[in-house]
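Colleague: This is the structure, below, for whatever I ask next.
Structure, rendered in structure tokens:
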């Protein structure tokens, strides 16, 4: 991973845009940030083919397991927490000996908040903190989407297309087909509101 001058990764590979049906916004996975409880500690990341772990899966995805050599007090705290939330496991079931050193197999946690600087730098705030019930905020988001070249607009369930689609959009397609996504002259719409508007137009 290459860091930029601001200390964050130069490339955010976690950005995934979904132009799908239903009331789903494109989601943006923020850049990784080191957990405070592992700072200064040794970490091991094991990557395995998911097909080698799950006999019912035959795709190309990978499974990542993160181990950390935590301070004793912290290791005891979280392994006991893991055991309490498990189905009959003991704290020791969440530790692994790697080269004579005991590592804790970490699980994702909402315990730590990402830094505000990182959220601002990666655009996470822009895409994840707007009010879908506010036509004004959705309109602003769609204006930003078009300015940044996404070429499609989001209409949440319960919102009127006239209220949340910028006036600059000339050829709005509420039921876009595959060709519409490739046509620069068409602005596809997605989200539950696009489906509602389509149904009303057909009624």
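Numbering (our numbering), first residue to last: 1 to 203.
Each residue gets a CB set at the ideal place from its N, CA and C atoms; glycine is no exception.
As the structure is a computational prediction, the values presented were derived from the model and not from experiment.
1) Starting from residue 161, trace the alpha helix (DSSP H) both ways and give me its first and last residue.
2) Taking buried to mean at least 16 other C-beta atoms within 10 Å of its own C-beta, is residue 64 buried or exposed?
3) Would you check if the segment 135-144 and the segment 101-117 touch, i.e. whether three or more CB-CB distances between them fall below 8 Å?
4) Going along the chain, which residues of its own chain have a beta-carbon closer than 7 Å to the beta-carbon of residue 98, five neighbours each way excluded?
5) Leaving out the 5 sequence neighbours to the left and right, which residues in its chain are closer than 6 Å to residue 48 when beta-carbon positions are compared?
6) State the Cα-Cα distance for the pair residue 53 and residue 46, rounded to the nearest angstrom.
7) In this structure, does DSSP put residue 185 in helix, strand or coil?
8) Less than 8 Å between the C-beta atoms of residue 83 and residue 104, yes or no?
9) In whole angstroms, give me the CA-to-CA distance for residue 93 and residue 118.
10) When burial is assigned at 16 or more other CB atoms within 10 Å of the CB, is residue 59 buried or exposed?
Modeller: So, from the data block:
1) 161-164
2) By the 10 Å Cβ count, residue 64 comes out exposed.
3) no
4) 44, 67
5) 63
6) 13 Å
7) coil
8) no
9) 34 Å
10) exposed
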